[in-house]
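Below: the structure, in structure tokens.
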Amino acid sequence: MRDLLDRQAITEQIYRYCRAVDRLDIPLGHSVFHEDATVDYGDSLYRGDGRGVIDFICAAHLLALSHSHQVCNSIIALDGDRAGSETYFHSATRLMQDDKVMQIRVWGRYLDEWSRRDGQWRIDKRLTLFDFDEIREVTEMVPRNDGRRDRTDPSYAVLKSL
Numbered sequence: 001m002r003d004l005l006d007r008q009a010i011t012e013q014i015y016r017y018c019r020a021v022d023r024l025d026i027p028l029g030h031s032v033f034h035e036d037a038t039v040d041y042g043d044s045l046y047r048g049d050g051r052g053v054i055d056f057i058c059a060a061h062l063l064a065l066s067h068s069h070q071v072c073n074s075i076i077a078l079d080g081d082r083a084g085s086e087t088y089f090h091s092a093t094r095l096m097q098d099d100k101v102m103q104i105r106v107w108g109r110y111l112d113e114w115s116r117r118d119g120q121w122r123i124d125k126r127l128t129l130f131d132f133d134e135i136r137e138v139t140e141m142v143p144r145n146d147g148r149r150d151r152t153d154p155s156y157a158v159l160k161s162l
């Protein structure tokens with residue numbers, strides 16, 4: 001039973017990372033990483049502390065029209081208060097380039113090393129691998145009911161009410 005609870009706690013932290021960068025929720029993003037965590041997103045993006053990558057990504061997303069992150073296919077290996085995981089991800093970002101709406105899509109994997117400290121599972125080390133990507137011009141659809149990139153997003157009210 002303990003293994004199932006630990007796997008679920010780690011899985012929810014992985015989900016919180018996506019929610020944090022999509023809703024620009026920096027405190028939530030910081031809660032996914034231990035204070036001394038390190039991350040490696042490659043030379044051209046970011047190498048440094050775990051909480052700093054949240055600041056970096058959220059600042060970059062302020063320049064975008066929209067963005068969305070999804071995760072799937074997560075394998076978690078447990079060893080007491082330590083764990084490792086491989087999680088596949090897809091990320092899409094829209095931005096203006098000259099007079100064109102461009103969409104950047106990235107597929108890759110998060111390789112995370114975890115530890116439970118003071119009862120909380122958080123990331124100690126993340127290596128992000130980029131398997132492939134694309135950028136292309138897109139035509140946006142008609143206006144729709146868009147989510148919001150902050151705590152005014154309707155999801156906060158729904159989750160708080162439960």
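Anchor point for the sequence shown: position 72 equals 72 in full-length UniProt numbering, and the numbering is continuous, going up by one each time.
Think of the CB as a built atom: it goes at the ideal place given N, C-alpha and C, for glycine as much as any other residue.
Here the structure is a predicted model, which is why all the values come from computation and not from measurement.
**Message:** Per DSSP, what are the beta-bridge partners of F130 in this structure?
**Reply:** As a working note, residue 130 is residue 130 in the sequence shown. Answer is G108, bridged to F130.
**Request:** Return the Cβ separation of R109 and D133 in integer angstroms, given the expectation that the two are a contact with Cβ distance under 8 angstroms.
**Result:** Residue numbering aside, residue 109 sits at position 109 when the sequence shown is read from its first letter. Residue numbering aside, residue 133 sits at position 133 when the sequence shown is read from its first letter. The pair is not a contact, with the Cβ atoms about 13 angstroms apart (cut-off 8 angstroms).
**Asked** Exposed or buried, what is S155 when buried is set at 16 or more other beta-carbons lying within 10 Å of its beta-carbon?
**Response** Within the sequence shown, numbered from 1, the residue matching residue 155 stands at position 155. So S155 ends up on the exposed side.
**Request:** Just the C-alpha distance for R151 and R23, rounded to the nearest angstrom, thanks.
**Result:** Within the sequence shown, residue 151 is the residue found at index 151, counting from 1. Within the sequence shown, residue 23 is the residue found at index 23, counting from 1. When the Cα atoms are used, R151 and R23 turn out to be separated by approximately 7 angstroms.
**Request:** Sort G42, G48 and G29 by Cα distance to D36 and report the nearest one.
**Result:** Residue mapping note: residue 36 aligns to position 36 of the sequence shown, counting from 1. Closest option to D36, Cα to Cα, is G48.
**Asked** Using DSSP with H/G/I as helix, E/B as strand and the rest coil, what is A139?
**Response** Your numbering for residue 139 matches position 139 in the sequence shown. The identity of residue 139 in the sequence shown is Thr, whereas the question assumes Ala. It is coil, neither helix nor strand.
**Request:** Starting from T11, follow the alpha helix (DSSP H) in both directions and report where the run begins and ends.
**Result:** By one-based count along the sequence shown, residue 11 stands at place 11. Counting along the chain, the alpha helix (DSSP H) containing T11 begins and ends at R2 to R23.
**Message:** Within 10 Å of its beta-carbon, does G50 have 16 or more other beta-carbons around it, so buried, or fewer, so exposed?
**Reply:** What you label residue 50 is simply residue 50 of the sequence shown in a count that begins at 1. By the 10 Å Cβ count, G50 comes out buried.
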